[in-house]
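Engineer: Protein sequence lines correspond, in order, to chains A and B. Residue numbers for the first sequence follow the working numbering, so the first one is 2 and each next one is one higher. Residue numbers for the second sequence follow the working numbering, so the first one is 32 and each next one is one higher.
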Amino acid sequence: MEAHVRRENRLVLAHLYVATLALMLGAVFGLLQSLSRARWVSMPSSFDYYRMLTAHGVLMAIVFTTFFIVGLATLLTYRAIPRDRSLALGWSAFWLMTLGTLAAAATILSGNASVLYTFYAPLKAHPAFYLGTTVLVVGTWLVLIDILANAVWFWRTQPGRRLPLVVHGSACTFVMWFIATIGVAIEMLFFLIPWSLGWTPTVNVMMTRMLFWYFGHPLVYFWIMGAYLIWYNIIPLHYGGKIFSDALTRVAFLLLLILSTPVGIHHQFLEPGIAAGWKWLHTMNTYGVVVPSIMTAFVIFASFEMAAQRKGVKGFWATIRSLPWTNPAFTGPALGMILFIFGGFGGIVNASYSMDAIVHNTMWIVGHFHITVGGPVALTFVGTAYWLIPRLTGRRLFAPKLALAQTYTWFVGMAIMSTAMHWAGLLGSPRRTDDVTYFGVQAAAAWMPHMRAAAIGGSLLFLSILMFAAVAFGTLFTARDETQVIEVAQVEEHAALTPAYLDRIGTWATVAVVLAVLAYVGPMHELLEAHVYGAPGMRTW
Amino acid sequence: MALVVFLIAIGAAALSENMIPPSHIQTIDPTKVAQTPPFDRPGLRQTGQRQYEAYLLAHIFAFTPPHITIPVGSKVTFYTTSPDVVHGFFITNTAVNMMVVPGWVSSATHVFRRAGTYLLLCNGYCGSGHHYMYGTIEVKG
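1) Residue 225 (chain A) to residue 471 (chain A), Cα distance in whole Å?
2) When the Cα of residue 46 (chain A) is compared with those of A:112, A:356, A:120 and A:515, which residue comes out closest?
3) Could you tell me whether the segment 281-289 of chain A touches the segment 528-539 of chain A, where touching means 3 or more Cβ pairs closer than 8 Å?
4) Do you know offhand how far residue 262 (chain A)'s Cα is from residue 185 (chain A)'s?
5) DSSP state of residue 451 (chain A), grouped into three classes?
6) With distances taken from CA atoms, which of B:118, B:78, B:133 and B:114 is nearest residue 108 (chain B)?
7) Does the segment 229-237 of chain A come into contact with the segment 289-307 of chain A, if we say contact requires no fewer than three beta-carbon pairs (one atom in each stretch) closer than 8 Å?
8) Counting beta carbon pairs with one atom in the segment 119-134 of chain A and one in the segment 87-105 of chain A, are three or more of them shorter than 8 Å?
9) So is residue 372 (chain A) buried or exposed if we call it buried at 16+ other beta carbons inside 10 Å?
10) Is it buried or exposed for residue 125 (chain A), if we count other Cβ within 10 angstroms and need 16 for buried?
11) Since residue 129 (chain B) is in the beta strand (DSSP E), which residue starts that stretch and which ends it?
12) Quick one: Cα of residue 463 (chain A) to Cα of residue 94 (chain A), how far?
13) Taking a cut of 8 Å between CB atoms, which residues from the segment 280-314 of chain A lie near chain B?
14) Can you check whether the CB of residue 105 (chain A) is closer than 8 Å to the CB of residue 137 (chain A)?
15) Against chain B, with Cβ distances strictly below 8 Å, would residue 31 (chain A) count as a contact?
16) Give me, in chain order, the residues of the same chain whose beta-carbon lies closer than 6 Å to that of residue 111 (chain B); leave out the 5 immediate sequence neighbours on both sides.
17) To the nearest angstrom, report how far apart residue 405 (chain A) and residue 381 (chain A) are at their CA atoms.
18) Buried or exposed, going by whether 16 or more other CB atoms sit within 10 Å of the CB of residue 342 (chain A)?
19) Leaving out five residues on either side along the sequence, give the residues of the same chain with a beta carbon under 7 Å from the beta carbon of residue 146 (chain A).
20) Quick check: what's the CA-CA separation for residue 154 (chain B) versus residue 43 (chain A)?
21) Mind checking whether residue 469 (chain A) and residue 378 (chain A) have CB atoms under 8 Å apart?
22) Given residue 513 (chain A), which residues of its chain have a CB within under 6 Å of its CB, disregarding the five upstream and five downstream residues?
23) Would you be able to state if there are at least three C-beta pairs under 8 Å between the segment 351-363 of chain A and the segment 38-54 of chain B?
24) Determine, for residue 158 (chain B), whether the minimum Cβ-Cβ distance to residues of chain A falls below 8 Å.
25) Residue range of the alpha helix (DSSP H) that residue 229 (chain A) falls in?
26) Check the C-beta distance from residue 141 (chain A) over to residue 71 (chain A) and give it rounded, since I have them as a contact under 8 Å.
27) Please classify residue 82 (chain A): is it buried, with 16 or more other beta-carbons within 10 angstroms of its beta-carbon, or exposed?
28) Mind checking if residue 24 (chain B) is an interface residue toward chain A, Cβ cutoff 8 Å exclusive?
29) Let me check understanding here. Comparing Cα to Cα, which of A:487, A:24 and A:177 lies closest to residue 395 (chain A)?
30) Going by CA-CA distance only, name the one from A:449, A:537 and A:480 that's closest to residue 38 (chain A).
31) Have a look at A:290, A:97, A:483 and A:108 and flag the residue whose alpha-carbon is nearest the alpha-carbon of residue 144 (chain A).
32) What are the partner residues of residue 151 (chain B), as DSSP defines its beta bridges?
33) Taking Cβ-Cβ distances below 9 Å as the criterion, which residues of the segment 423-443 of chain A are in contact with chain B?
34) Grab me the residues of residue 475 (chain A)'s own chain with a C-beta within less than 7 Å of its C-beta, minus the 5 sequence neighbours each way, in chain order.
35) What ranges does the beta strand (DSSP E) occupy inside the segment 332-377 of chain A, keeping only unbroken runs of at least 3 residues that lie completely in it?
36) List, in order along the chain, the chain A residues whose C-beta lies closer than 7 Å to that of residue 133 (chain B)?
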């Protein structure tokens, strides 16, 4: 390995292992939560359910995902644009993100921020929680600067050449992330941080909620874009396939860039203070952002089929059988795709406000995001770690059979847990609630069998994450093997040419900002115009 | 093209048959809820034949009043607000499901066509006693 490649690999590995540690700690809390809701264990008041629920949410939804995606996008960008580069920006991002994470995690674990990962005001956490998460987010902005700096260098030095597909995807992902995180940055800097420090007496609660969900839904698409980077560009390598179309891949990422943000109010269907018309508008936009995901589903199956046909395989089942079901780098993402079919169905239900009224804040929602971020996204990342880590360390994968078993265990555990959660939610079981027996009220008794099934699924998931950790850390000590290369899939020869306007990321970013402003200027203006009473806030835990 | 038709169909359907999510727009000073009518005297008011308005306060960690009783077939409009943090207001087996935000009044209407005991619970995390926050709605046949 060349020296500069080795240095870049260390940066990427740092991100992947922080992600792994977050996943491991988050898994411990996840297991305890599922056992606690089944009433098989009872958390002591010195370390209560809501403290670990906050830790689980922040570690899994924010830390694990963000570090992995940053590591992946950094790697793809660096490899697609090879040069001897300074890693100062990359390491600054890593350390800011890590310091912010440590500050937030310490505040949560010490019991001073049991506000859950949505930190809804006027629950008032210790300022270190808000400051820590803000520093984590600011760290990710440096990653965007790094990716764009590399893209600009590429355009300058190689005029006329197309921006590599993975750099285009990485740039779209992080530009979208930047536009989205502006919302949470404003929420933190102008509302929560001054208020938690005692500089402002009250907080505009609805405004903080709207700013949070301005960020909170695109956060979901940030995870999905990370997974799609892998689905389009890396997975075809595992089954000898190619990328269906360069242009179509770029269109999918651009659609996600422009449509991910103007949809957040679908998380606020059941809130006062937002006129029904805005809720309707965001519903429509939400159906729009389904399009790139449906496109992706078709493209992936087309790519499977074309690879099979090249090998002379015909028919649906024969095509499925021809895929590498014993390679964990494939089975992780592929099993995740199967889960995503159901995650997608559930998402459509949630986006329909009449149906959302039945499932809002029930366990259905928990089942939904576990079968999306905990299904396709996490399984894609974990499976891809089996491909990445050996190539980045220059070592053989430790215990490949354990890795393979890990992906299947996760799939089964998640299928059981998520089904049970969806079902309990339809029966009315609330999310984010420690003891759901309600002193033996009859309606609550029907939920318990599902809570126990969820605990069985949760235990399998915990076992699966232990298996992953064993392989991830074991691979640091295996025999050297530097023959494995990191590459990305080639585009099909017959694919149509890519129009140049798909590379104008700046123009598309402007469209994204305009759409976000159009979707939010009305409802935010109404919240600022109304005679809104601030809430003083308190610590209720 | 099919996508456009699909979106228009969904958009039109969402607007039809009065399918509107609860979007009540009314503010209230959260520090003075106990002195502000009608929440200074929370409870059930009959407004007509099997027609009620229920003013229920959501606060840490209870609903006030926690239990109400109505005859079957009653149409009840619920009004709720919070003097402290955000709560949820969810009656299981119904579509009465609202966020209760300090500073705002939330409202939803439901016709109780079946007799029985309905569980009212807080489904928006509000603190260490969140899981104790519940009430019941007794619908008499």
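Yeah, the Cβ is synthetic: ideal placement off N, Cα and C, and Gly gets one too. None of the values given here were measured: they were computed from a predicted structure.
Structural biologist: Short version:
1) Distance between the alpha carbons of residue 225 (chain A) and residue 471 (chain A) is about 26 Å.
2) It is A:112 whose Cα lies nearest to the Cα of residue 46 (chain A).
3) Three or more Cβ pairs closer than 8 Å define a contact, and the segment 281-289 of chain A falls short of that threshold against the segment 528-539 of chain A.
4) Here the C-alpha atom of residue 262 (chain A) lies approximately 12 Å from the C-alpha atom of residue 185 (chain A).
5) Three-state DSSP puts residue 451 (chain A) in a helix.
6) For residue 108 (chain B), the closest of B:118, B:78, B:133 and B:114 by C-alpha to C-alpha distance is B:78.
7) Yes: at least three Cβ pairs fall under 8 Å.
8) Segments in contact, yes.
9) Burial state of residue 372 (chain A) is buried, judged by a 10 Å Cβ sphere holding 16 or more other Cβ atoms.
10) So residue 125 (chain A) counts as buried.
11) 128-131 is the extent of the beta strand (DSSP E) around residue 129 (chain B).
12) Between the alpha carbons of residue 463 (chain A) and residue 94 (chain A) lies a gap of roughly 30 Å.
13) Per Cβ criterion, the list reads 280, 281, 284, 285, 288, 289 and 292.
14) Between residue 137 (chain A) and residue 105 (chain A), the C-beta gap is smaller than 8 Å, which places the two residues in contact.
15) No, no contact with chain B.
16) Once the five neighbours on either side are set aside, the close Cβ partners of residue 111 (chain B) are 87, 89, 120, 131 and 137.
17) Each residue's alpha carbon lies about 13 Å from the other.
18) Its Cβ having fewer than 16 others within 10 Å, residue 342 (chain A) is exposed.
19) Residues 90 of the same chain have their beta carbon placed closer than 7 Å to that of residue 146 (chain A), with the five preceding and five following residues left out of the count.
20) Their Cα atoms are separated by approximately 20 Å.
21) No, the Cβ-Cβ distance between residue 469 (chain A) and residue 378 (chain A) is not below 8 Å.
22) Cβ within range, chain order: 180, 258 and 259.
23) Yes, since at least three Cβ pairs between the segment 38-54 of chain B and the segment 351-363 of chain A fall closer than 8 Å, the two stretches touch.
24) Taking 8 Å as the CB threshold, residue 158 (chain B) lines the interface with chain A.
25) Unbroken alpha helix (DSSP H) run through residue 229 (chain A): 206-234.
26) Sure, about 6 Å apart at Cβ, within 8 Å.
27) Label assigned to residue 82 (chain A): buried.
28) The question about residue 24 (chain B) has no answer, for chain B in this structure spans 32 to 172.
29) In this structure, A:487 is the residue among A:487, A:24 and A:177 with its C-alpha nearest to the C-alpha of residue 395 (chain A).
30) When only C-alpha atoms are compared, the closest one is A:449.
31) It is A:97.
32) According to DSSP, residue pairing for residue 151 (chain B) in a beta bridge involves B:122 and B:166.
33) Per Cβ criterion, the list reads 428, 429, 430, 431, 432, 433, 434, 435, 436, 437, 438, 439, 440, 442 and 443.
34) Correct list, in chain order: 399 and 400.
35) Counting whole runs of 3 or more residues, the segment 332-377 of chain A contains no beta strand (DSSP E) stretch at all.
36) Those are 123, 206 and 536, listed as they occur along chain A.
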